[in-house]
Amino acid sequence: MKILVCISKSPDTTSKIAFTEGNTKFDENGVQYIVNPYDEWYALVRALELKETLGGNVTIITVGNAADEAIIRKALAIGADDAVRIDADPKDAYFTASQIAKYAKDNSFDIVLTGKETINYNGSQVAGMIAEELDMPFISLATKLDLNGTTATIEREVMGGVQVVEVNTPFVASCAKGMAEQRIPNMRGIMAARTKPLTVIPVTNNEEYTAYASYSMPEAKTACKMISPDNMDELVSLLHNEAKVI
Amino acid sequence: MSTIVYITTNNGVGKSAFEAVTYAKKMGEEVIAVTVGNADSSLLAELGVYGASKVLVDRNANVDDDQQITRVIASAVETTNANKVVFSHDLIAKAVAPRLSVRLKAGLVAGAISLPSTEGDFSCKVNVFSGKAFGSVTVKTDKKIISLLPNSIQPEATSSACTVEDFNGNAGETRVKVLNTKKPEGDIPLPEAEVVVSAGRGLKGPENWGIIEDLAKVLGAATACSRPVADIGWRPHHEHVGQTGVAIRPNLYIAVGISGAIQHLAGVNGSKVMVVINTDAEAPFFKAADYGIVGDAFEVVPRLIESLKKFNASNN
Ligand SMILES: Cc1cc2nc3c(=O)[nH]c(=O)nc-3n(C[C@H](O)[C@H](O)[C@H](O)COP(=O)(O)OP(=O)(O)OC[C@H]3O[C@@H](n4cnc5c(N)ncnc54)[C@H](O)[C@@H]3O)c2cc1C
Ligand SMILES: Nc1ncnc2c1ncn2[C@@H]1O[C@H](COP(=O)(O)O)[C@@H](O)[C@H]1O
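Going line by line, the protein sequences match chains A and B. To convert a position in the first sequence, counted from 1, into this note's numbering, add 24. To convert a position in the second sequence, counted from 1, into this note's numbering, add 2.
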């Protein structure tokens, strides 16, 4: 079983969000990057569990620059076998997906796993785009994934509920909560990660479909209006007359 | 030129579909709705009221297969000569829109919260960094796809019902076999709800959720919860809102016994008005709230229910 896991970075949730260069660039000053939680906790760990029971190989791939090798080493320390970095700043979702799809096509994987979304841009775009490029079925928001030979049984989130589907390899799936439990890398893993293979390859396609032109911050919130716990009539009246939401 | 709107009918034809059609209509070109599966024609005809000139239905495609839906929309784009496709940003759109983007070589704005700019480049506003900031996304390709975040626009009824036509979109083979689907009956889908009542660990145990459900009932609201509450099994997982759960942006969000951790706020800070009820005056949620009540949920919520009942009675 050859599994490819797509890993991206995301700013630690406590990072201060600010912009520079006339609000056209994210201000990375002092920002701590982590492995996008969905990629690490769910996609990577489930891939490792499948490998542990069925044998095979788990490769991680990221589209990013040299600074992203820190998150790659973290994923290797958790247990991935080898890593690929496509050497570019990810320009947009299509740019990112087309590089990954090209690599996946050339190296034929049985399963391609991604996280549900990156928490910085929340696009949920990359996985579907990879699937279309590869002409593979795409199971979004998988919360459980079991394999029997080449047939996978997958539970996924659907609107207001849960659905169970069956699909044959090869396929792409995006992973959500429920797939696996977070693993903390141990010392042996961290040592081993230093010598695991990391291949850096150049971009193969420079096309981008979209671009972030500018950013803005929400207007400062007006101070919270405090209401006495004994006076719920007042709250109801404010919600009706002032906020106009009931 | 025309604009295609894909209508997800898995939970009926409702508010988010009307929003998407209204949005497309406001972009100024003919609006053609496209859907797959077996939705009732009289329901689909309602889309005309919001501006669709007709509805094309491919009854042979599988509503749960994103590859088939993508092919159907792509053929509709071709036969109608459309240059824009609009979705409501639901779970189906999150899988189909990126596929369609590649197939049509059309840039995608995922989760738009505004109409495209009318001057200069074609760009739309989206939430970024878990709702802590906004971004303006420019689409550089000729064809454009927009996936509209629910509750970003008011549906506007301006016309009358339209025709519903069968359409063969060459869906092709299905490679995804659905074994079963479990859906709760009769609930208001959380992302569509205009009012949401949510509770956290402050409620102490699942047996205390009666007051939350009663409050939701008088408001016609959906219920939600914080993550630990879903993790320990007090509430079902689909109610969990926040960074790792569902992101919502109702008109009114009432948070009871929730501290307001940054990861919780990430999923709810798009709400227009937030009311926070918490015993701790220092709870971080008060910094994000519009109206705050420092008090015990077990006393405040029943009082609020009484006040709302009085209000409902005098307004009917
Ligand atoms: C990576 C990551 C992702 C996360 N994602 C999410 C997410 O998506 N959604 C989410 O919700 N959390 C998420 N969390 C967890 C989050 O950090 C908080 O731990 C969680 O939101 C706290 O839940 P809570 O407010 O219900 O509980 P608590 O923090 O325990 O707060 C309970 C509150 O109830 C108040 N209270 C107690 N008794 C009463 C009473 N009688 N009446 C009124 N108020 C009372 C208390 O003062 C307190 O403020 C995430 C955490 C991490 C690390
Ligand atoms: N730069 C990247 N390199 C590798 N994988 C990525 C990258 N960006 C996004 N992904 C993957 O695609 C998923 C969805 O990302 P997004 O479409 O940005 O929400 C993430 O959870 C990752 O698994």
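Cβ coordinates follow ideal geometry from the N, Cα and C atoms, glycine included. Just so you know, these numbers come straight off a predicted model, no measurement behind them.
- Bounds of the beta strand (DSSP E) holding GLU32 (chain B) are 32-38.
- Scanning the stretch 219-295 of chain B for uninterrupted beta strand (DSSP E) segments of 3 residues or longer gives 224-227, 254-258 and 275-280, listed from N- to C-terminal end.
- For PRO35 (chain A), the enclosing beta strand (DSSP E) has its first and last residue at 33-35.
- If you compare the alpha carbons of B:PRO230, B:ALA112, B:SER4 and B:PRO252 with that of GLY30 (chain B), the shortest gap goes to B:SER4.
- Going by DSSP, ARG109 (chain A) is part of no alpha helix (DSSP H) but of the beta strand (DSSP E) stretching over 106-111.
- DSSP places MET250 (chain A) in the strand class (E or B) of the three-state scheme.
- Close CB contacts of SER154 (chain B) within its chain, under the 6 Å cut and outside five residues either way in sequence, are with ILE115 (chain order).
- PHE288, LYS289, ALA290, ALA291, ASP292, TYR293, GLY294, ILE295, VAL296, GLY297, ASP298, GLU301 and VAL302: these are the residues of the stretch 280-302 of chain B whose beta carbon lies less than 8 Å from some beta carbon of chain A, given in chain order.
- Within the chosen limit of 8 Å, ligand 2 does not reach the beta carbon of ASN229 (chain A) with any heavy atom.
- Contact between ILE34 (chain B) and ALA95 (chain B) is ruled out by a C-beta separation of about 17 Å, above the 8 Å threshold.
- Residues of the stretch 141-154 of chain A whose Cβ lies closer than 9 Å to any Cβ of chain B, in chain order: GLU141, ILE143, ASN144, TYR145, ASN146, GLY147, SER148, GLN149, VAL150, ALA151, GLY152, MET153 and ILE154.
- Residues of chain B with a Cβ closer than 7 Å to the Cβ of LYS201 (chain A) are, in chain order, THR246.
- Annotation: the stretch 55-95 of chain A contains the following complete segments of the alpha helix (DSSP H) (minimum length 4 residues), in chain order: 69-78.
- The residues LYS17, PHE20, GLU21, THR24 and TYR52, in chain order, have a CB closer than 7 Å to that of PRO157 (chain B) in the same chain once the five nearest residues on each side in sequence are set aside.
- Within the same chain, Cβ atoms closer than 7 Å to the Cβ of VAL139 (chain B) are found at VAL111, SER125, CYS126 and VAL128, the five residues on either side in sequence being excluded.
- HIS91 (chain B) and SER103 (chain B) have their C-alpha atoms roughly 14 Å apart.
- Contact between the stretch 191-199 of chain B and the stretch 56-70 of chain B is absent: fewer than three C-beta pairs spanning the two stretches fall below 8 Å.
- Its chain contains ALA101 and ILE102 as the residues whose beta carbon lies nearer than 6 Å to that of PRO209 (chain A), once the 5 sequence neighbours on both sides are disregarded; these appear in chain order.
- With respect to the C-alpha of HIS264 (chain A), the residue from B:VAL231, B:SER309 and B:VAL7 having the closest C-alpha is B:SER309.
- Secondary structure at LEU151 (chain B): coil, using DSSP grouped into helix, strand and coil.
- Counting only heavy atoms of ligand 2, the residues whose C-beta sits closer than 7 Å to one of them are, along the chain, A:CYS30, A:ILE31, A:SER32, A:ASN60, A:TYR62, A:ASP63, A:ALA67, A:ILE85, A:THR86, A:VAL87, A:GLY88, A:PRO114, A:ALA117, A:THR120, A:ILE124, A:THR138, A:GLY139, A:LYS140, A:GLU141, A:THR142, A:TYR145, A:ASN146, A:GLY147, A:SER148, A:GLN149, A:VAL150, A:ALA151 and A:SER198.
- Beta-carbon to beta-carbon, ILE295 (chain B) and PRO253 (chain A) are separated by about 5 Å, close enough to satisfy the 8 Å threshold.
- Judged by the Cβ position, SER228 (chain B) qualifies as a neighbour of ligand 1 at the 8 Å threshold, a heavy atom of the ligand being closer than this.
- Closest in C-alpha terms to LYS201 (chain A), from the list A:ALA267, A:THR234, A:THR193 and A:PRO61, comes A:PRO61.
- With respect to chain A, the C-beta atom of ARG101 (chain B) has a partner C-beta closer than 9 Å.
- In the DSSP assignment, the residues bridged to CYS199 (chain A) are A:GLY139 and A:ALA166.
- When B:LEU49, B:LYS107, B:VAL141 and B:ALA97 are compared, the shortest CA-CA separation from LEU117 (chain B) is found for B:VAL141.
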